[in-house]
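Visitor: Protein sequence lines, in the order shown, are assigned to chains A and B.
Read in order, the letters of the first sequence correspond to residues 38 to 376 in our numbering.
Read in order, the letters of the second sequence correspond to residues 581 to 822 in our numbering.
Following this message is one structure expressed as structure tokens.
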Amino acid sequence: MTDMTHDRAVAPRRSAGEWLHSLLSMPAGAILLVFLVVQLGCIVAGLLFPDDFRYLSSANMGIMMRSVPVLGCLALGAGVLMIAGEFDLSIGSVYTLTAVIMAMLVGAGVDAFLAAPVGLLVGAVIGLGNGFLTLRFHLPSFIVTLGGLLFWRGAVLLINGAVQVRFDPNPVFNALFSGTIFGINAAFIWFIGLCLVFWALLHRHRLGNHIFATGGNRAAATAIGVNTGRIKMIAFAIAGFMAAFAGILATTRVGSVQPGQGAGLELQAIAACVIGGLSLRGGRGSILGVFLGVMLIFTITDVLLLMRAPGFYLDMFIATLIVAASIFNHGLDRRGAES
Amino acid sequence: MSLLELHNINKTFGPLKALNDLSFQVGHSEVVGLLGDNGAGKSTTVNMISGIHQPSSGYISVDGQRQTFANRRDSAEAGIETIYQNTALVDCLSISRNIFLGRELTDRFGFLNLKKMREIAMQVLESAVHISGIDSPDKLVGDLSGGQKQAVAIARAVFFKRRVLLLDEPTSALSVRETEALLNQVLKLKAEGVSSVLVTHNLYHAYQVCDRFVIMSHGTKVFDVAKADTTIEELTQHVVLT
């Protein structure tokens with residue numbers, strides 16, 4: 038009898054422990070936990086101090102929804118490429134370049150619905166170029182795309198000079214990419230939709246299976262008959278394409294392009310991926326992780342802004358987050374390698 | 581007619597002669613031990629049969645049909661599966677995704693039929709390959725032991741109806757128990773009509789399961805004998821002294 042009561046007392050605690058364990062061993066489990074705790078804390082604080090901590094105010098929610106998608110789209114592309122085992126440091130420059138090209142085309146009288154696909158195409162082609170150089174000459178993609186970062190940053194100044202370009206598309210285009218539906222920002226809806234598309238592609242489609250295999254063990258994937266070169270090229274193209282898409286969202290929101298606006302975004306995108314549990318060596322990660330990584334960066338930015346903390350705290354917080362996340366992920370990697 | 585046959589194969593890498601007039605055959609439901617010391621040309625032979633290298637002269641035939649294997653996919657299509665010591669599996673993917681890697685079950689848009697892949701993987705793991713400790717096809721391959729990984733690789737070969745397994749030093753990284761399980765697996769597959777080529781320099785493991793032995797030295801065959809006509813001492817003599 039005493040045993041039974043003892044069991045009953047222990048069982049729920051153990052299942053909670055198991056639940057926690059299974060959550061933590063999920064690809065994005067730890068980050069999900071951190072994200073939920075941070076959100077809960079912010080909501081409670083927002084309810085308790087509605088005047089001092091305006092987290093739940095509609096203005097703050099609106100700012101969040103408008104700022105997340107640009108980095109989010111960059112991180113989705115960078116994340117797929119990282120899972121395939123490569124990097125792209127040039128996405129920040131490509132993001133600016135494609136936005137400038139699109140804005141210049143619209144300025145010259147081309148319809149925005151034609152100019153935007155041109156920008157996306159340019160982004161994808163530059164991605165393919167990075168992939169070609171990386172694979173053809175067996176170079177680290179870090180080096181190739183570092184070159185890309187500088188080259189395309191220079192190219193922006195070459196074709197446009199150091200002045201901003203106005204972007205004044207037709208109203209339909211504006212509504213489609215920066216309007217508001219049911220109080221939700223259109224760019225945010227695009228981002229959520231793209232997350233779902235990427236989730237389906239990466240976790241439920243043959244292509245995703247091959248991307249994970251290519252990044253996880255290229256030799257094995259090749260031996261089994263996966264064309265790993267082709268898979269990497271596709272991943273590079275996706276990274277470039279998503280950089281251009283982020284450019285469309287940002288340009289439509291602001292109504293102009295600044296030649297220097299993409300600087301540093303590539304590192305933020307990679308940071309979001311690392312926080313979200315993607316392995317720098319490829320083969321590990323999830324779209325949920327990328328999404329949460331981006332959301333966490335912006336939540337923390339937002340909290341610091343609401344608390345009127347000086348800007349340098351932001352960098353220090355993000356830096357801590359990246360290193361902590363890597364230590365955690367490295368532990369997982371090593372555990373996987375040892376057993 | 582033999583299932584797999586090598587006809588007078590020569591292979592040179594620049595000035596190096598790796599294989600010299602090598603001929604041997606593998607019959608239906610036969611386990612052949614390909615033996616020899618390090619550098620005898622065993623690995624080159626395996627790579628040739630699996631399509632990674634091409635012979636400089638001579639040819640390979642399957643069921644009497646002359647074959648040219650330009651890559652591994654060609655040899656797989658002819659029914660030959662190579663299982664390497666560091667088996668060609670992706671650690672970060674689940675067992676079922678590994679079994680179907682490159683040959684996924686999808687709908688016409690390329691989306692995976694995960695449910696069916698899981699069911700078949702579980703079936704294959706339960707019926708074809710008996711290795712303890714694999715209870716779910718969702719387990720990551722990276723969490724498996726060396727023997728379990730080879731079991732998954734063999735399960736893949738079995739499911740895709742391979743007729744010849746090339747096992748390259750399969751026991752070198754395995755525990756004693758895993759080795760026993762693997763060798764039993766080879767015998768069980770033989771009973772089901774799958775031939776194997778066991779490439780090893782462990783004569784005792786080979787002697788346990790092989791029907792015939794081909795001993796190589798310096799890129800050529802020096803001894804080819806059925807198990808009934810030889811002893812482990814005689815095999816050792818040939819491996820060591822030639």
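Every residue gets a Cβ at the ideal spot worked out from N, C-alpha and C, and that includes glycine.
Give the single residue among Gly144(A), Ser178(A), Ile100(A) and Phe210(A) whose Cα lies nearest to the Cα of Gly220(A).
Guide: Ile100(A)
Visitor: Look at Val583(B) and Lys591(B) and say whether their C-beta atoms are less than 8 Å apart.
Guide: The amino acid at residue 583(B) is misidentified as Val; the sequence shows Leu. Cβ distance not < 8 Å, so Leu583(B) and Lys591(B) don't count as in contact.
Visitor: Helix, strand or coil for Met353(A)? Go by DSSP, reduced to three states.
Guide: Three-state result, Met353(A): helix.
Visitor: Could you tell me whether the region 644-663 of chain B touches the region 805-814 of chain B, using the rule of 3 or more Cβ pairs below 8 Å?
Guide: no
Visitor: Beta carbons nearer than 7 Å to chain A: which residues of the region 733-758 of chain B have them?
Guide: none
Visitor: Are there three or more Cβ pairs, one per stretch, closer than 8 Å when the region 350-358 of chain A is compared with the region 118-126 of chain A?
Guide: no
Visitor: Helix or strand or just coil, what does DSSP make of Tyr639(B)?
Guide: strand
Visitor: Suppose you measure from the CA of Val331(A) to the CA of Leu746(B); what does that come to, to the nearest Å?
Guide: 47 Å
Visitor: Taking Gly83(A) as the reference, which of Asp339(A), Phe349(A) and Ile312(A) has the closest Cα?
Guide: Looking at the Cα atoms, Asp339(A) is the closest of the given residues.
Visitor: Does the CB of Phe793(B) have a neighbour CB from chain A at under 8 Å?
Guide: no
Visitor: Would you report the Cα separation of Gly594(B) and Ala731(B), rounded to the nearest angstrom?
Guide: 37 Å
Visitor: Can you check DSSP and say which residues form a bridge with Gly613(B)?
Guide: Leu778(B) and Phe793(B)
Visitor: Considering only the beta carbon of each residue, do Gly299(A) and Gly129(A) sit closer than 8 Å?
Guide: With a cutoff of 8 Å on beta-carbon distance, Gly299(A) and Gly129(A) are scored as near each other.
Visitor: I'd like to check one pair, Val611(B) with Lys770(B): are the Cβ atoms closer than 8 Å?
Guide: yes
Visitor: Quick check on DSSP: helix, strand or coil for Lys719(B)?
Guide: coil
Visitor: So Thr816(B) contacts chain C; which residues on that side make the cut at Cβ distance below 9 Å?
Guide: The question asks about chain C, but that chain is absent: this structure's protein chains are A and B.
Visitor: According to DSSP, simplified to helix, strand and coil, what is Gln605(B)?
Guide: strand
Visitor: If we ignore side chains and look at the alpha-carbon of each, how far apart do His608(B) and Gly659(B) end up?
Guide: 12 Å
Visitor: Measure the C-alpha to C-alpha separation of Ala199(A) and Ile163(A) and round it to an integer number of angstroms.
Guide: Ala199(A) and Ile163(A) have their C-alpha atoms some 22 Å from each other.
Visitor: Measuring only the C-alpha atoms, how far is Ser293(A) from Val202(A)?
Guide: 5 Å
Visitor: Could you name the residues of chain B that Gly320(A) contacts, counting a contact when the two beta carbons are closer than 9 Å?
Guide: When 9 Å is used as the limit between beta carbons, Gly320(A) is near these residues of chain B: Val670, Asp671, Cys672 and Leu673, in chain order.
Visitor: Inspect the beta-carbon positions of Val789(B) and Leu767(B) and report whether they are closer than 8 Å.
Guide: yes
Visitor: Quick test of your reading: Ala280(A) and Leu118(A), contact by CB under 8 Å. State the CB separation rounded to the nearest angstrom.
Guide: Ala280(A) to Leu118(A), Cβ: 11 Å. No contact.
Visitor: Taking 8 Å as the threshold (C-beta atoms), are Gly168(A) and Val670(B) in contact?
Guide: It is not a contact, given that the beta carbons lie outside the stated cut-off.
Visitor: Out of Trp189(A), Gly191(A), Arg190(A) and Leu170(A), which one is the CA nearest neighbour of Val181(A)?
Guide: Leu170(A)
Visitor: Is the region 612-632 of chain B in contact with the region 774-792 of chain B, if contact means three or more CB pairs nearer than 8 Å?
Guide: yes
Visitor: Using C-beta distances below 6 Å, list every residue in its chain close to Thr662(B), excluding the 5 sequence neighbours before and after it, in chain order.
Guide: Ser630 and Leu746
Visitor: For Leu244(A), go through chain B and note every residue whose CB falls closer than 8 Å to its CB, in chain order.
Guide: Chain B residues near Leu244(A): Gly690.
Visitor: Quick one: what's got a C-beta closer than 8 Å to Leu172(A)'s C-beta in the same chain, skipping five residues either side?
Guide: Gly266, Lys269 and Met270
Visitor: When the cut-off is 8 Å and only beta carbons count, does Arg91(A) lie next to chain B?
Guide: no
Visitor: Of all the alpha helix (DSSP H) runs that stay within the bounds of the region 99-128 of chain A, which reach a length of 4 or more residues?
Guide: none
Visitor: Check whether the Cβ of Glu684(B) lies closer than 8 Å to any Cβ atom in chain A.
Guide: Yes, because at least one Cβ of chain A sits closer than 8 Å to the Cβ of Glu684(B).
Visitor: With C-beta atoms as the reference, is Gly284(A) less than 8 Å away from Ala192(A)?
Guide: In this structure, Ala192(A) does not lie closer than 8 Å to Gly284(A) by Cβ.
Visitor: At the level of alpha carbons, what is the spacing between Gly322(A) and Leu815(B)?
Guide: Roughly 51 Å separates the two Cα atoms.
Visitor: May I have the straight-line CA-CA distance separating Glu760(B) from His785(B), to the nearest angstrom?
Guide: 9 Å
Visitor: Please name the residues in the region 261-295 of chain A whose beta-carbon is closer than 9 Å to at least one beta-carbon of chain B, in chain order.
Guide: Ile261, Gly262 and Val263
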